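Chemist: The following block contains the structure, expressed as structure tokens.
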Amino acid sequence: MKNENLTEILSKGLIELNLESKNTDKLLEYVYLLEKWNKTYNITAIRDLKQMVILHVIDSASVYRYLDGKTIIDVGTGGGIPGIILSILNPQLEITLLDSSQKKTRFLRFVQRQLKLENITVVCQRVEKYQPNCRYDVVISRAFSEVGTYLRLVNHLCADTGKVYAMKGPRIESEKNAHEFGFELINDIDIKVPFLDAKRRLLIFNKI
Numbered sequence: 008m009k010n011e012n013l014t015e016i017l018s019k020g021l022i023e024l025n026l027e028s029k030n031t032d033k034l035l036e037y038v039y040l041l042e043k044w045n046k047t048y049n050i051t052a053i054r055d056l057k058q059m060v061i062l063h064v065i066d067s068a069s070v071y072r073y074l075d076g077k078t079i080i081d082v083g084t085g086g087g088i089p090g091i092i093l094s095i096l097n098p099q100l101e102i103t104l105l106d107s108s109q110k111k112t113r114f115l116r117f118v119q120r121q122l123k124l125e126n127i128t129v130v131c132q133r134v135e136k137y138q139p140n141c142r143y144d145v146v147i148s149r150a151f152s153e154v155g156t157y158l159r160l161v162n163h164l165c166a167d168t169g170k171v172y173a174m175k176g177p178r179i180e181s182e183k184n185a186h187e188f189g190f191e192l193i194n195d196i197d198i199k200v201p202f203l204d205a206k207r208r209l210l211i212f213n214k215i
């Protein structure tokens, strides 16, 4: 059943991010599927629908404008964050959702069928073992707490002209060791997420 309050929050959030609100229904359908599966399979620690909309959907949508490329891999995607959201916002993107959890990738394949998302590929594999046919324009993740570990594990996934994006919380660590893993930090963006007081950062790395 459609929740008008959630629709209003999501629509306002997308508009504040200068995104079209035409995708609201499909994004909310994803949230309802996530809530339903979460009761049994524990896909995410977030239980409340409103918090799912803000912390998962709007938070993911906030990085969309900064992405540079058509082929994207979401590493450690979990319940599809941010990959599912990005795929709904732009069906022209080609997005791979990578996670080592079978229950989570099973959920992602269900979402893919239910929402008829033809622009995603779901892969159940550890990041260090996954060998794609072609490397990606964009490597993105919200799953890694330590940037150095993330850069080391995803180096083989990023095209020479591609970029690696790390969705982070407040500024609590240094990213100066990026060179050790073949990258340089080219942008450190403070992002304002609608309806969210907590600070967000988007780190963007080039290969060197």
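In our numbering, the protein residues as written are 8 to 215. Ideal Cβ placement from N, Cα and C applies to all residues, glycine included. Just so it is clear, the structure is predicted and the values come from calculations on it, not from any experiment.
1. Taking the straight line between their C-alpha atoms, what separation do you get for Lys253 and Gly83?
2. Which residues in the same chain as Ile198 place their Cβ atom closer than 6 Å to its Cβ, once the five residues preceding and following it in sequence are excluded?
3. Going by C-alpha to C-alpha distance, which of Leu192, Lys214, Asp144, Gly176 sits closest to Ala205?
4. If the criterion is Cβ atoms closer than 7 Å, does the pair Leu164 and Ile80 meet it?
5. Please classify Ile193 as buried or exposed, where buried requires at least 16 neighbouring CB atoms within 10 angstroms.
6. Which runs of the beta strand (DSSP E) fall wholly inside the region 118 to 148 and span at least 3 residues, in chain order?
7. Out of Gln132, Ile211, Phe114, Cys141, state which residue places its alpha-carbon closest to the alpha-carbon of Arg149.
8. Skipping 5 residues on each side, what residues in its chain have a beta carbon closer than 8 Å to that of Asp75?
9. Report the rounded CA-to-CA distance for Met8 versus Thr14, giving the unit in angstroms.
10. Using DSSP's beta-bridge definition, name the partner residues of Ala173.
11. What would DSSP say about Arg23, mapped onto helix, strand or coil?
12. From which residue to which residue does the alpha helix (DSSP H) around Val70 run?
13. Is the CB-CB distance between Phe188 and Arg142 below 7 Å?
Modeler: Inspection of the coordinates gives the following:
1. What the structure shows of the chain is the stretch from 8 to 215, and residue 253 is not part of that stretch, so it cannot be assessed.
2. Ser69, Arg207, Leu209
3. The closest CA to that of Ala205, considering only Leu192, Lys214, Asp144, Gly176, is found on Gly176.
4. yes
5. exposed
6. 127 to 131, 143 to 148
7. Among Gln132, Ile211, Phe114, Cys141, the Cα nearest to that of Arg149 is on Ile211.
8. Asp144, Val145, Lys170
9. For Met8, the pLDDT reaches just 44, beneath the cut-off of 50, and the residue's location in the model is therefore unreliable, although a value from the coordinates is still provided. Answer to the nearest angstrom: the Cα atoms are 11 Å apart.
10. According to DSSP, Ala173 bridges with Ser148, Leu210.
11. Checking the sequence, you will find Glu at residue 23 rather than Arg. If DSSP states are grouped into helix, strand and coil, Glu23 belongs with the helices.
12. Note, Val70: premise wrong, no alpha helix (DSSP H); not H, not E.
13. no
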